[in-house]
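J.: I'd like to ask you about the structure that follows.
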Amino acid sequence: MRFSEFYPGNFSHMEWVTLEHQLGVYIDNIYEHERTANLKDFGDLACIIVETKKHLLHPQVYRFLKLVLILYVATATVERCFPAMKIKIFEKVTNDVVIKRFQKIESHRINL
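Structure below.
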């Protein structure tokens with residue numbers, strides 16, 4: 006539940022209250038279902054919630070689960086992109102450019 010508090014734009018107050026209730030009911034239901042015993046990750050859970058049509062009974066739980074999965078993929082994508090950008094940026098900037106830039110900087114000291 007705490008995770009959803011980090012994304013207040015995705016859940017109104019009423020949806021947050023509904024999510025809390027639906028999550029409690031869903032957790033009770035999932036323990037009774039034998040297919041959930043071998044879950045490995047949230048992707049497996051998402052597949053089961055759709056296959057068993059529980060996403061229709063617990064739409065806020067399903068929405069929350071999609072947000073978790075999207076965040077996981079987005080984070081991994083960004084982590085892969087930034088090192089590549091960093092390398093490309095530093096390939097374009099030579100030591101001479103950096104040295105000339107610092108030489109052009111004027112002193113910011115004030116005589117008192």
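All residue numbers for the sequence shown refer to our numbering, where the first residue is 6 and numbers rise by one. All residues carry an ideal CB built from backbone N, CA and C; glycine is no exception. Only a predicted model underlies this, so the values are computations on that prediction, with no experimental measurement involved.
Figure out for me which residue from Ile-75, His-60, Phe-16 has the closest Cα to the Cα of Val-30.
T.: Here residue 30 refers to the residue found at position 25 of the sequence shown. Just measuring C-alpha positions, the residue of Ile-75, His-60, Phe-16 sitting nearest Val-30 is His-60.
J.: Check this for me: beta carbons of Ile-53 and Arg-40, under 7 angstroms apart or not?
T.: Position 48 of the sequence shown, counting from 1, holds the residue named residue 53. Position 35 of the sequence shown, counting from 1, holds the residue named residue 40. Yes.
J.: Helix, strand or coil for Ile-104, going by three-state DSSP, please let me know.
T.: On the sequence shown, position 99 is the one that residue 104 refers to. Helix.
J.: With a Cβ-Cβ cutoff of 7 angstroms, do Gln-65 and Thr-23 count as a contact?
T.: Sequence index remark: in the sequence shown, residue 65 carries index 60 (1-based). Sequence index remark: in the sequence shown, residue 23 carries index 18 (1-based). Yes.
J.: Rounded to the nearest angstrom, what separates Leu-76 and Lys-105 at their Cα positions?
T.: Taking the sequence shown and counting its residues from 1, the one referred to as residue 76 is at position 71. Taking the sequence shown and counting its residues from 1, the one referred to as residue 105 is at position 100. Rounded to the nearest angstrom, the two C-alpha atoms are 42 angstroms apart.
J.: Helix, strand or coil, according to DSSP, for Gly-14 in the structure here?
T.: For the purposes of this step, residue 14 is taken as the residue at position 9 of the sequence shown. Coil.
J.: Mapping DSSP to helix, strand and coil, what is Lys-97?
T.: The sequence position of residue 97 within the sequence shown is 92, counting from 1. For Lys-97, the three-state secondary structure derived from DSSP is helix.
J.: Applying the criterion that 16 or more other CB atoms from any shown protein chain within 10 Å of the CB defines a buried residue, is Gln-108 buried or exposed?
T.: Locating residue 108 in the sequence shown gives position 103, where the first residue counts as 1. Looking at its Cβ environment, which holds fewer than 16 other Cβ atoms inside 10 Å, Gln-108 is exposed.
J.: If you draw a straight line from the alpha carbon of His-26 to that of Lys-45, how long is it in whole angstroms?
T.: Your numbering for residue 26 matches position 21 in the sequence shown. Your numbering for residue 45 matches position 40 in the sequence shown. Straight-line Cα distance between these residues: approximately 25 angstroms.
J.: So for Ile-54, helix, strand or coil by DSSP?
T.: Here residue 54 is taken as the residue at index 49 of the sequence shown, counted from 1. Helix.
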